[in-house]
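Just below is one structure, and these are the notes that go with it.
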Amino acid sequence: MPDPQTDTTTQKSQGLEEAFDLFIEASKALEAQQAVLQGQLTELSGQLIAANSRLSSLLNSLPAGVILVEHDELIDFNPAAAHFIPELTKGMPWKIPENWRSSNGPGGYARRQDDKQHSTQIYEVKAESNVSGEYSRRLGDKQQILQILEVKTGARSVIQIQDITSAIANRAEEERISRLTAMGKMSAGIAHQLRTPLSTALLYASHLADQNVADDQKQLFADRLRKQLISLEKLASNMLLFLKQRPQQTSPVAVHEVLEEACQSAQGLSQERNIELKLSLNSPKTLINVEKHSIISALVAVLENAIQVSEPGQSVEIHCRDWPNRTEITIEDHGPGIAENMMDTIFEPFSSGRVTGNGLGLSIARSNIESHRGQILVRNRPEGGARFTINLPSLTEL
Numbered sequence: 077m078p079d080p081q082t083d084t085t086t087q088k089s090q091g092l093e094e095a096f097d098l099f100i101e102a103s104k105a106l107e108a109q110q111a112v113l114q115g116q117l118t119e120l121s122g123q124l125i126a127a128n129s130r131l132s133s134l135l136n137s138l139p140a141g142v143i144l145v146e147h148d149e150l151i152d153f154n155p156a157a158a159h160f161i162p163e164l165t166k167g168m169p170w171k172i173p174e175n176w177r178s179s180n181g182p183g184g185y186a187r188r189q190d191d192k193q194h195s196t197q198i199y200e201v202k203a204e205s206n207v208s209g210e211y212s213r214r215l216g217d218k219q220q221i222l223q224i225l226e227v228k229t230g231a232r233s234v235i236q237i238q239d240i241t242s243a244i245a246n247r248a249e250e251e252r253i254s255r256l257t258a259m260g261k262m263s264a265g266i267a268h269q270l271r272t273p274l275s276t277a278l279l280y281a282s283h284l285a286d287q288n289v290a291d292d293q294k295q296l297f298a299d300r301l302r303k304q305l306i307s308l309e310k311l312a313s314n315m316l317l318f319l320k321q322r323p324q325q326t327s328p329v330a331v332h333e334v335l336e337e338a339c340q341s342a343q344g345l346s347q348e349r350n351i352e353l354k355l356s357l358n359s360p361k362t363l364i365n366v367e368k369h370s371i372i373s374a375l376v377a378v379l380e381n382a383i384q385v386s387e388p389g390q391s392v393e394i395h396c397r398d399w400p401n402r403t404e405i406t407i408e409d410h411g412p413g414i415a416e417n418m419m420d421t422i423f424e425p426f427s428s429g430r431v432t433g434n435g436l437g438l439s440i441a442r443s444n445i446e447s448h449r450g451q452i453l454v455r456n457r458p459e460g461g462a463r464f465t466i467n468l469p470s471l472t473e474l
């Protein structure tokens with residue numbers, strides 16, 4: 077008769093052998109999978125090394141500087157960045173070099189120099205996710221314009237520095253050629269504008285040479301001749317302003333200061349025509365980096381146009397508001413508005429709906445504003461009149 081205890085021991089032994097065999101098979105399967113995974117890991121590591129090598133080669137060959145910043149400390153940079161800023165070292169705090177001054181573009185910093193102490197103050201403008209700025213530095217007698225783009229992701233920032241000197245020079249040349257082309261197209265208009273006052277001036281001059289004309293009449297003709305010559309001189313000056321190059325001496329100036337001076341310049345005409353200028357300033361700490369007299373001239377041209385089309389007793393409203401990296405100026409009148417057939421040509425030279433206008437004022441205004449990387453737009457208001465909207469790159473004083 078079989079021993080139950082022996083059978084139980086045998087069954088346990090067989091069970092252990094089967095479990096051990098299963099363990100061996102599972103171990104072999106795991107080893108095989110591990111070998112596959114190790115091979116894939118080795119392959120991926122090789123691909124990652126190759127990708128990093130290609131990325132490193134790409135970054136090193138880029139003409140733009142690239143800087144990696146974490147927690148405001150410089151982690152890494154490419155050779156182009158070191159070319160733009162030779163003093164870069166890993167681990168140093170990141171900041172804009174103090175010898176760079178703010179150029180005419182949105183965002184970034186505005187550098188102002190004290191004439192007495194030659195000290196530098198920095199003002200920063202930050203957007204929600206990225207910041208852009210333009211800076212200039214002098215290389216010998218040449219000035220280099222650099223653009224900085226910063227993209228932030230948490231505590232990490234990727235900063236790109238790009239030399240846009242040639243792009244700005246090309247744009248300035250394109251603007252100059254465009255203005256020269258416009259002057260060529262309006263040659264007939266120039267002849268017409270000059271012919272009438274010249275003919276009138278010659279007529280008055282001939283009366284002055286007539287011995288039979290009384291002295292009091294000669295005085296009258298002399299005054300009229302002087303007015304015609306002043307008109308000719310103003311026309312010639314406006315033509316030169318239209319052809320003027322990009323602004324050369326820009327500096328940060330408060331928007332409210334520019335608007336107040338423009339209104340003061342137009343005050344004489346507004347009082348003469350009984351037009352009230354209503355100035356609303358909502359941006360007391362906004363700076364614009366401009367050639368001050370050039371922008372004031374543009375604003376005065378738009379204000380004079382608004383005053384000329386307004387009726388006595390009406391008003392011209394000037395508003396200012398801030399947007400990220402730009403300031404918006406609106407000039408509204410309550411006149412008849414702009415005719416549809418003039419809407420597309422109102423900023424072109426000698427395009428004027430007024431008999432006494434020469435059509436150069438708004439052309440000069442657009443030229444001056446666009447030379448500061450700004451924009452001027454116009455449209456009719458639903459309630460009557462026209463609205464000119466001027467956008468200029470701005471900086472916020474903290």
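When we follow this note's numbering, the leftmost residue of the sequence shown carries the number 77, and every step to the right adds one.
Note that beta-carbon positions come from the ideal geometry of N, C-alpha and C, so glycine has one too.
Residues near residue i in its chain [Cβ-Cβ closer than 6 Å; skip 5 each side]
i: PHE297; result: TYR280, HIS283, LEU284
i: ALA374; result: ALA441, ASN444, ILE445
i: GLN451; result: ASN467
i: LEU453; result: THR465
i: VAL112; result: none
i: ARG300; result: TYR280
For residue i, the residue or residues it bridges with in DSSP
i: ILE143; result: PHE153, ILE235
i: PHE464; result: ILE407, VAL454
i: SER67; result: With the chain represented from 77 up to 474, any question about residue 67 goes unanswered, as that position is not in the structure.
i: SER327; result: VAL366
i: PRO173; result: DSSP output for PRO173 lists no bridge partner at all.
Coarse secondary structure for residue i, derived from DSSP in three states
i: GLN223; result: strand
i: LEU436; result: coil
i: LYS104; result: helix
i: LYS303; result: helix
i: THR229; result: strand
i: LEU471; result: strand
i: ASN288; result: coil
i: ARG252; result: helix
i: ARG130; result: helix
i: LYS166; result: coil
i: ILE244; result: helix
i: MET419; result: coil
i: LEU138; result: coil
i: GLU348; result: helix
i: HIS448; result: coil
i: ASP148; result: coil
i: ILE198; result: Low confidence applies here, because ILE198 scores a pLDDT of 32, under 50, leaving its location unreliable and the question unanswered by this model.
i: GLU336; result: helix
i: GLY184; result: Only weak support exists for where GLY184 lies, its pLDDT of 36 falling under 50; the value from the coordinates is given anyway. Residue state, collapsed to three classes: strand.
i: ILE125; result: helix
i: GLU93; result: helix
i: GLU424; result: coil
i: GLU459; result: coil
Beta carbon of residue i nearer than 9 Å to that of residue j
i: ASN365; j: PRO469; result: yes
i: ILE143; j: ILE237; result: yes
i: THR408; j: ARG463; result: The amino acid occupying residue 408 in the given sequence is Glu; Thr does not appear at that position. Yes; because the gap between Cβ atoms is below 9 Å, this pair is in contact.
i: VAL331; j: LYS368; result: no
i: VAL378; j: GLY437; result: yes
i: ASN128; j: LEU138; result: no
i: CYS396; j: LEU357; result: yes
i: GLY413; j: SER386; result: no
i: LEU222; j: PHE160; result: yes
i: ALA231; j: GLU107; result: no
i: GLU424; j: SER439; result: yes
i: PRO169; j: ASP148; result: yes
i: GLU250; j: SER447; result: no
Beta-carbon contacts of residue i that lie in its chain and below 7 Å, excluding the five residues immediately before and after
i: PRO182; result: Residue confidence for PRO182 is low, a pLDDT of 46 falling below 50, so the modelled location carries little weight; the figure read from the coordinates is stated next. Result list for PRO182: SER208, ASN401, ARG402, PRO469, in chain order.
i: ASN136; result: ASN154, PRO155
i: ILE383; result: ALA342, LEU345, SER346, ARG349, ILE351, VAL392
i: ALA157; result: GLY141, VAL142, ILE143, LEU164, ILE237
i: GLY115; result: none
i: GLN123; result: none
Close Cβ partners of residue i (< 8 Å) along its chain, the five nearest in sequence each way excluded
i: GLN293; result: HIS283
i: THR165; result: LEU150
i: CYS339; result: LEU353, LEU355, LEU379, ILE394
i: PRO479; result: Given a span of 77 to 474 for the chain in the structure shown, any question on residue 479 remains unanswerable.
i: VAL334; result: ILE364, VAL366, LYS368, ILE371, ILE372, LEU375
Proximity test, Cβ basis, 9 Å: residue i and chain D
i: GLU226; result: No chain D is present in this structure, which holds just one protein chain.
Ranges of the beta strand (DSSP E) found wholly within the stretch 353-414, counting only runs of at least 3: 362-366, 391-399, 402-408
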